[in-house]
Amino acid sequence: MKQKKEAIKSKNPVTRRSFIAATAGIGSLSLSSKLSLAEILKSNNNPLNVDQLHGWGEAPGVAGIGYNENPFGPSPRALRAINEAVMDVNRYDFGAYTKLEKAVGEHLGLTREKVDVVPGREDFAPSGYPVYVEGGSGFILNQIVMNYGIKWNSSNPTGEIMEIDPGYGGVSRAAISLRDLMGAEVKIRRVPATTDLKHDLKAMLGAITNKTTLIVITNPNNPTGTILSYDEIKHFVDAVPKNIMILIDEAYIHFVREENYQTAVKLAQEHKNVIVTRTFSKMYGMAGLRVGYAVGDPLIMKELRTLGNSLGVGSINCYAAIAALKDEAYVRHVNRLTNASKDYFYEELDNLDLNYIPSHSSFVLVDVKQNGGVLARKLRAKNIKVRAYGNEIIENYVRFTIGTLDEMQAMVGVLSREIKG
Ligand SMILES: Cc1ncc(COP(=O)(O)O)c(C=O)c1O
């Protein structure tokens, strides 16, 4: 903390002002009523260099904008919960996991089934909500592949899994590992995105065969940042045969900029073959804690829970996640800061004459007019962590996670030198 305070002190006045405005009293960004943070940055002609950066949870002198982490850290309420829970870790906390399921159920307004509680065994009673919590949503994706992506009911396990290209690919990677490890016959269909890099739902429907077991919709999609509307997803779900599981991965849903945007959670409640997954790693800034959850049909959730480990999420992580869910002001705060950094970046990309995919997420995919992998390596050599994909469709693109204003400013300085040569 001391180091962080010193780093703040050493910053130039405008950046310091924007930092104070950004962090003073969560939910109150008084300066922004007169001047947006993006405007403040634009007027700042003395930005930090990369070696002056000191980001939350990142080594000094590094712009941590490669892994879609939240650069602003967790909610102060989550940090307080972590502090409070830390002294009790010598005990099993059998109830923590269920409390988190309940908090998720209440947060999403889900219907609770009545549960029988044995007196004296309250800590062991299920929450009654159609929710499943695990150590990161990535792990839940793997479990969904294991359970619904592959049919194990013969000596020759088979499956056919469909995912957008370019997409996150977590489900495809899990399927490939299982295919190699267990000898399962799993086919992976990567369906190319539309020209504006959205899910091509028509092509995905057309690619369904009588062997298809699992379809993934990542919404917003990673790495493109594009979204589908609720109605588009609903029509798709209605058209897919009911024996096929549909996984809707909403890891980045909190960043969607459209007003009144509707999530697919309702579809997961209405359809037995729809599961929605979410994570505390992105908006809630707790990637290192490893907490994610799934919502869906109560029986499907029970199956996943049976395969999982009811004590697989530590008590500290559970209490931090519960506190984070309750801190709605923090979500608004992170969105305000993310959007300010993103709008600043968009303007600078326009100045550099670089095209980008308008993003509904915490990252932006940029057409860098050269091999993305080569540029990403050059940026990484200058301590700017970014991601490129060895993918034909986006060969000339680099994905930039939206960082703090300081990180974005420092990165833009380096990027413009690389682009202009
Ligand atoms: C689309 C998407 N889904 C799932 C995950 C996994 O997140 P976690 O395992 O941290 O919950 C990620 C991580 O980057 C992601 O981008």
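Every number in the working numbering is 29 more than the matching position in the sequence shown, counting from 1. A virtual CB, placed ideally from N, CA and C, is assigned to each residue, including glycine.
| query | result |
| --- | --- |
| For G460, the nearest candidate out of S206, I217, E163 and K311 (CA to CA) | Absent from the structure is residue 460, since the part of the chain shown begins at 30 and ends at 450. |
| CA-to-CA distance, L381 to N78, given in whole angstroms | 19 Å |
| Cβ-heavy atom distance, S310 to ligand 1, below 7 Å | yes |
| Closer than 7 Å: D278 CB and nearest ligand 1 heavy atom | yes |
| Endpoints, alpha helix (DSSP H) assigned at K407 | G401 to A410 |
| Reference L276, options E287, Q291 and Y322, closest by Cα | Y322 |
| Residue environment, V410, which counts as buried when at least 16 other CB atoms sit within 10 Å | The sequence shown places Ala at residue 410, not Val. It is exposed - the Cβ of A410 has fewer than 16 other Cβ atoms within 10 Å. |
| Local Cβ density within 10 Å of S183, reported as buried at 16 or more and exposed below that | exposed |
| Heavy atom of ligand 1 within 7 Å of S166 beta-carbon | yes |
| Distance CB(G84)-CB(E436) smaller than 8 Å | yes |
| Expected contact under 8 Å - CB spacing of Y23 and A114 to nearest Å | Nothing about residue 23 can be reported from this structure: the residues present for the chain run from 30 to 450 only. |
| Sheet register partners of L381 (DSSP bridge) | Paired residues: none, contrary to the question. |
| Near ligand 1: Y197 beta-carbon under 7 Å from a heavy atom | yes |
| beta-carbon L354 near ligand 1 non-hydrogen atom, thresh 7 Å | no |
| T247 CB to nearest heavy atom of ligand 1 below 7 Å | yes |
| Nearest to N364 (by Cα), restricted to the options G314, T335 and V403 | G314 |
| Range of the contiguous beta strand (DSSP E) that encloses E189 | T187 to D194 |
| At least three beta-carbon pairs within less than 8 Å, the region 190-198 to the region 241-249 | yes |
| Beta-carbon proximity check, S391 vs T430, cutoff 8 Å | yes |
| G254 CB to nearest heavy atom of ligand 1 below 7 Å | no |
| Endpoints, alpha helix (DSSP H) assigned at P327 | P327 to L336 |
| C-alpha distance - V397 paired with P76, whole-angstrom precision | 22 Å |
| Among S104, G90, K143 and I173, the one whose alpha carbon lies nearest that of E332 | I173 |
| Cα-Cα separation, S344 to K301 | 30 Å |
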